[in-house]
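Residue numbers (this note's numbering): 15 to 344.
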């Protein structure tokens, strides 16, 4: 039979165990639920050199990146991480739990990568550039974009960007859209239907014509054909369809096969009148300006010399057919 003193020790020990179990239970549940409820919020978060631990925790909380500052603080001290947070710039998200965020801050910022998105790139091409540079996993950017309720093709502004390896697709998209707002919207405005039409025309010019003056002429030709109810017959739209449906196999679409022109898609400007439903790539400033300021001319047709890249214009269908035989041999 236990003495009174031993019985008190057992009760005290049991109470301590129960307290520890409850603490661990709360702690672990807090770790799992540390992200904010609701929509995911990507954020670029900077830790300054010499910045104190509690100030970092407060800013994480204010940015909506952690749910419980207490749980984050307790986990930091229990793991000995509170004094090991490294300065730098981090790509965080409210979908990350406390363990992930803490681990990132302890490891330090990821490697910074500089990437250049060429003018005219489709979002498939953008994904290729980003994945080759190690910014994100192959196809993850495409997969993320295809899950969205709207298309962002045309608004991934071609430019040089700095990312960190492992940047979430949402944060990558946010940077592209911010740059588009800054550099393209001043020309385009924000009226949705007009913006989509102008961007779509600009994307056709970007893919079809290399020189700015020729782009203005081609913009005039395409607008003239639109007004007359004619098919636009832009080869680049066929390439976009093949890239979208065939993936990597559709990257090199030339020479086009006669069957390619019969692909049933609203983007096929050989079958459907009017502009495609949306851009077929992401045009640069030059093509956007050309689309907004077309040059009038007597031309109805054009083609590109595959050897020189020069744009050849025609006033009549017969003249255009002669040029097709001469330059394209078809």
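Idealized CB from N, CA, C, for every residue including glycine.
Given this structure, state the Cα-to-Cα distance separating residue 178 from residue 67, to the nearest angstrom.
For residue 178 and residue 67, the distance between alpha carbons rounds to 23 angstroms.
Here's the rule I'm using: 16 or more other beta-carbon atoms within 10 Å means buried, otherwise exposed. How should residue 167 be labelled?
Flag for residue 167 reads buried.
Three Cβ pairs or more, each shorter than 8 angstroms: is that satisfied between the stretch 188-195 and the stretch 143-163?
Because the criterion of three Cβ pairs below 8 angstroms is not met, the stretch 188-195 and the stretch 143-163 do not touch.
What does residue 129 pair with, by DSSP beta-bridge criteria?
Per DSSP, 175.
Under three-state DSSP, which class holds residue 61?
Residue state, collapsed to three classes: strand.
Leaving out five residues before and five after residue 239 in sequence, what residues of the same chain have Cβ atoms less than 8 angstroms from its Cβ?
Counting only Cβ-Cβ distances below 8 angstroms, and skipping sequence neighbours, we find 245, 246, 314.
Can you check DSSP and say which residues form a bridge with residue 316?
The partner list for residue 316 (beta bridge, DSSP) reads 327.
Excluding the five sequence neighbours on either side, which residues of its own chain have a C-beta within less than 7 angstroms of the C-beta of residue 6, listed in chain order?
Given a span of 15 to 344 for the chain in the structure shown, any question on residue 6 remains unanswerable.
Suppose you measure from the CA of residue 111 to the CA of residue 241; what does that come to, to the nearest Å?
Roughly 55 angstroms separates the two Cα atoms.
Measuring alpha carbon to alpha carbon, tell me which of 271, 92, 276, 289 ends up nearest residue 305.
For residue 305, the nearest C-alpha among the options comes from 289.
Could you check whether the stretch 215-233 touches the stretch 321-335, counting it as contact only if at least three pairs of C-beta atoms, one from each stretch, sit closer than 8 angstroms?
As far as the Cβ criterion goes, the stretch 215-233 touches the stretch 321-335, which means the pair count is three or higher.
On a Cα-Cα basis, can you pick out the residue from 285, 307, 275 that is closest to residue 237?
Looking at the Cα atoms, 307 is the closest of the given residues.
Helix, strand or coil for residue 102, going by three-state DSSP, please let me know.
Residue 102: strand per DSSP, three-state reduction.
Among the candidates 138, 120, 82, whose CA atom is the shortest distance from the CA of residue 259?
Comparing Cα positions, the closest option is 138.
Going by the beta-carbon positions, is the gap between residue 134 and residue 276 smaller than 8 angstroms?
No, they are not a contact pair.
Between the stretch 91-100 and the stretch 118-128, do at least 3 Cβ pairs fall closer than 8 angstroms?
In short, these stretches touch, since the Cβ pair count reaches three.
Apart from the five residues just before and just after residue 62, which ones in its own chain have a Cβ nearer than 7 angstroms to its Cβ?
Counting only Cβ-Cβ distances below 7 angstroms, and skipping sequence neighbours, we find 101.
Whose C-alpha, out of 217, 310, 197, is nearest the C-alpha of residue 291?
When each option's Cα is compared against that of residue 291, the closest is 217.
Need the endpoints of the alpha helix (DSSP H) that residue 249 sits in, please.
Start and end: 249-260.
Can you give the Cα-Cα distance for residue 194 and residue 57, rounded to whole angstroms?
If you take the alpha carbons of residue 194 and residue 57, they lie about 18 angstroms apart.
Looking at C-alpha atoms only, which residue of 294, 268, 129 is the closest neighbour of residue 279?
The candidate whose alpha carbon is nearest that of residue 279 is 294.
Could you tell me if residue 298 is buried or exposed, where buried requires 16 or more neighbouring beta carbons within 10 angstroms of its beta carbon?
With 16 or more Cβ atoms within 10 Å of its Cβ, residue 298 is classed as buried.
Can you give the Cα-Cα distance for residue 301 and residue 234, rounded to whole angstroms?
If you take the alpha carbons of residue 301 and residue 234, they lie about 13 angstroms apart.
For the alpha helix (DSSP H) containing residue 115, list its first residue and its last residue.
Its alpha helix (DSSP H) spans residues 112-121.
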